[in-house]
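S.K.: Structure below; questions to follow.
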């Protein structure tokens, strides 16, 4: 399947070998996350989720929305005692450590940022789950894992940084046990083009701010997952939720601009500019946000039984 290159960043990636692109992602993506975690603590929720929350109503605060998102991921992955979970692009450990605290699973995370690893492990020790948590600085394509060695794999706000999606999904299909689950929460382009995807604003987010991003269509992601032997169980549209999350982040950047500027000159402007463009993109649906759940073979739980419905029946 030939991938469509929507942006200049993708076209340049297509000119690199797989090894060269991995190295490019390793360096370019990590640079954004290597800033002091204290900066992100001023902008994000207390667990440092760098992905959308889930809101019940427009006036809800960021902390509540992210807590709902953590609970939703936990409900969908349904981690049982002793089960092994791989968090690809675990960041500062927001989801990984929530799952460790709310289940008896065993967790492995990977990140491209040594700063993120250090902070995540510090939190694991502080929250009493370090004995069940391992985090490595590693690119996903460099993992050497035994086949059928994990019960669940999670990508939250991370797969967008990975160019070679067929290889990523093939790895997931191989390492999952029968009945294993994979959950992806990330950004996509609508198949119908809305706006200029090759604009200076898009390039600013994808290259200048975040190092490397590749948005594909939802159907393309699902097809790649199916080709890797996975069955799609559930897809949720969280686009409006991400616009709302970004609005909170932007307010926090503005509120703490002087402190952020003192810690990392120029970084507050980067955050505010890229988040503002991103918020407009999701509000206008020129970019979309989905949460996808798939399984390898027959699911071990009934999707209709998940306790994820919100008051009023809306998510």
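Numbering (UniProt numbering), first residue to last: 1 to 315.
Glycine included, each C-beta is placed from N, C-alpha and C at the ideal position.
Keep in mind the model is a prediction, meaning the values are calculated, not measured.
With distance defined between alpha-carbon atoms, name the residue in 49, 65, 54, 103 nearest to residue 157.
M.R.: For the residues 49, 65, 54, 103, the minimum Cα distance to residue 157 belongs to 49.
S.K.: If you run the structure through DSSP and keep just helix, strand and coil, what is residue 32?
M.R.: Assignment of residue 32 by DSSP, reduced to helix, strand and coil, places it in the helix class.
S.K.: On the CB-based measure, 16 or more other CB atoms within 10 Å of its CB, does residue 313 come out buried or exposed?
M.R.: Note that residue 313 scores 37 on pLDDT, short of 50, meaning its location in the model is unreliable and no value can be drawn from it.
S.K.: Just to confirm my understanding: we take residue 300, look at its own chain, exclude 5 residues before and 5 after, and list those with CB closer than 6 Å. What are they?
M.R.: Scanning its chain for C-beta atoms nearer than 6 Å, with the 5 sequence neighbours on each side dropped, one finds around residue 300 the residues 179, in chain order.
S.K.: Should the segment 120-129 be called in touch with the segment 138-148, which here means at least 3 C-beta pairs below 8 Å?
M.R.: no
S.K.: How long is the line joining the alpha carbons of residue 220 and residue 292, rounded to whole angstroms?
M.R.: 13 Å
S.K.: Can residue 211 and residue 31 be called in contact, C-beta distance under 8 Å?
M.R.: yes
S.K.: So, does the segment 154-170 touch the segment 263-276, judging by three or more C-beta pairs under 8 Å?
M.R.: no
S.K.: Identify, in the order they occur along the chain, each residue of the same chain with its Cβ nearer than 6 Å to the Cβ of residue 310, setting aside the five sequence neighbours on each side.
M.R.: Here residue 310 scores only 49 on pLDDT, less than 50, and its place in the model should not be relied on; the value that follows carries that caveat. Within the same chain, residue 310 has close Cβ partners 56.
S.K.: For residue 70, tell me which candidate among 46, 6, 13, 82 has the shortest Cα-Cα distance.
M.R.: Distances from the CA of residue 70 to each of 46, 6, 13, 82 were compared; the closest alpha carbon is that of 46.
S.K.: Which first and last residues belong to the beta strand (DSSP E) in which residue 185 is found?
M.R.: 176-188
S.K.: What does the alpha-carbon distance come out to for the pair residue 2 and residue 91?
M.R.: Confidence is the limiting factor: at residue 2 the pLDDT is only 45, short of 50, which leaves the residue's position unreliable and the question unanswerable from this model.
S.K.: In whole angstroms, give me the CA-to-CA distance for residue 199 and residue 205.
M.R.: 10 Å
S.K.: Return the CA-CA distance between residue 233 and residue 15, expressed in angstroms with no decimal places.
M.R.: 35 Å
S.K.: What whole-angstrom Cβ distance do residue 239 and residue 285 have, given they're in contact under 8 Å?
M.R.: Right, the Cβ-Cβ distance comes to about 6 Å (below 8 Å), so this counts as a contact.
S.K.: Indicate the three-state DSSP secondary structure (helix, strand or coil) for residue 162 in the structure shown.
M.R.: coil
S.K.: If residue 177 sits next to residue 150, beta carbons under 8 Å apart, how far is it from one beta carbon to the other, in whole angstroms?
M.R.: 7 Å
S.K.: Check the DSSP bridge columns for residue 106 and list the partner residues they point to.
M.R.: 84
S.K.: Skipping 5 residues on each side, what residues in its chain have a beta carbon closer than 7 Å to that of residue 94?
M.R.: 47, 48, 49
S.K.: Between residue 82 and residue 65, how many whole angstroms is the CB-CB distance? I'm expecting something under 8 Å.
M.R.: The Cβ separation is near 31 Å, so there is no contact.
S.K.: Which of the three DSSP states is assigned to residue 295 in this structure?
M.R.: strand
S.K.: Looking only at C-alpha atoms, which of 77, 120, 275 sits nearest to residue 109?
M.R.: Here the closest residue by C-alpha is 120.
S.K.: State yes or no: is the C-beta of residue 185 within less than 8 Å of the C-beta of residue 298?
M.R.: no
S.K.: Please name the residue or residues paired with residue 284 in a DSSP beta bridge.
M.R.: Paired residues: none, contrary to the question.
S.K.: Is residue 153 helix, strand or coil by DSSP?
M.R.: strand
S.K.: Run through the DSSP bridge pairs and tell me what residue 234 is partnered with.
M.R.: 293
S.K.: Give the secondary structure of residue 198 by DSSP, where H, G and I count as helix, E and B as strand, and everything else as coil.
M.R.: coil
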